[in-house]
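Residue numbers (the numbering used here): 54 to 228.
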Ligand code: GNR
Ligand code: NI
């Protein structure tokens with residue numbers, strides 16, 4: 054396994070529409086392994102392949118929380134070619150962050166519940182109802198596959214402010 058570099062705003066690759074995974078090859082398994090290592094190291098609860106510069110419809114996620122003794126048992130999950138097949142009218146608000154927009158957090162409103170269809174690494178299809186953090190996270194990750202970032206849901210003023218901050222920071226690192 055290896056930690057890969059996470060690309061950061063305003064990297065234009067974040068705006069790409071990722072391509073479906075046609076076949077689970079050894080390279081895809083290696084990418085998923087590396088995404089888990091990168092995600093746990095960050096740390097983050099989800100990661101889309103484009104965040105490590107691979108425009109493929111592949112997501113890793115782990116929403117496990119610590120138990121009474123403070124131990125967290127990992128629950129790694131892979132979503133290949135995921136699709137939201139239905140969404141509730143009811144909305145919920147969650148404070149979101151993104152590893153590609155470090156140290157910036159804002160409340161985002163999204164459907165409270167979604168039904169998601171996806172393949173696992175063995176090519177089996179699944180359909181699940183997601184709510185709570187799972188619903189928020191899967192919508193955030195599927196947005197990445199479509200070149201959408203959570204800041205796109207904020208006011209233009211807030212979005213422009215974040216974009217400007219990260220554009221300036223990127224300029225400073227090349228100078
Ligand atoms: O680690 C992450 N936390 C998070 C918190 C609220 C809503 C979404 C997320 S996903 C984020 C990791 C990330 O950037 N995934 O694309
Ligand atoms: Ni993100």
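Every residue gets a Cβ at the ideal spot worked out from N, C-alpha and C, and that includes glycine.
Decide if residue 205 is buried, meaning its Cβ has at least 16 other Cβ atoms within 10 Å, or exposed.
exposed
In three-state DSSP terms, what is residue 113?
strand
DSSP has residue 100 in a bridge; who is on the other side?
113
Please report the distance separating the alpha-carbon of residue 191 from that of residue 207.
19 Å
On the DSSP bridge list, what partners appear for residue 182?
168
Taking residue 147 as part of the beta strand (DSSP E), name the residues at either end of that continuous run.
144 to 151
Could you check which residue in 161, 171, 125 has the C-alpha nearest to that of residue 148?
161
Nonlocal neighbours in the same chain, by C-beta distance under 6 Å from residue 150, ignoring five residues either side:
158
Which residues are close to the ligand NI, meaning CB closer than 6 Å to any heavy atom, in chain order?
151, 152, 153, 193, 197
The segment 192 to 202 in contact with the segment 89 to 108 per 3-pair CB rule at 8 Å:
yes
Specify the secondary structure class of residue 72 as computed by DSSP and reduced to three states.
strand
May I have the straight-line CA-CA distance separating residue 129 from residue 175, to the nearest angstrom?
15 Å
Run the CB neighbour count on residue 189, radius 10 Å, all protein chains shown included, and call it buried at 16 or more, exposed below.
buried
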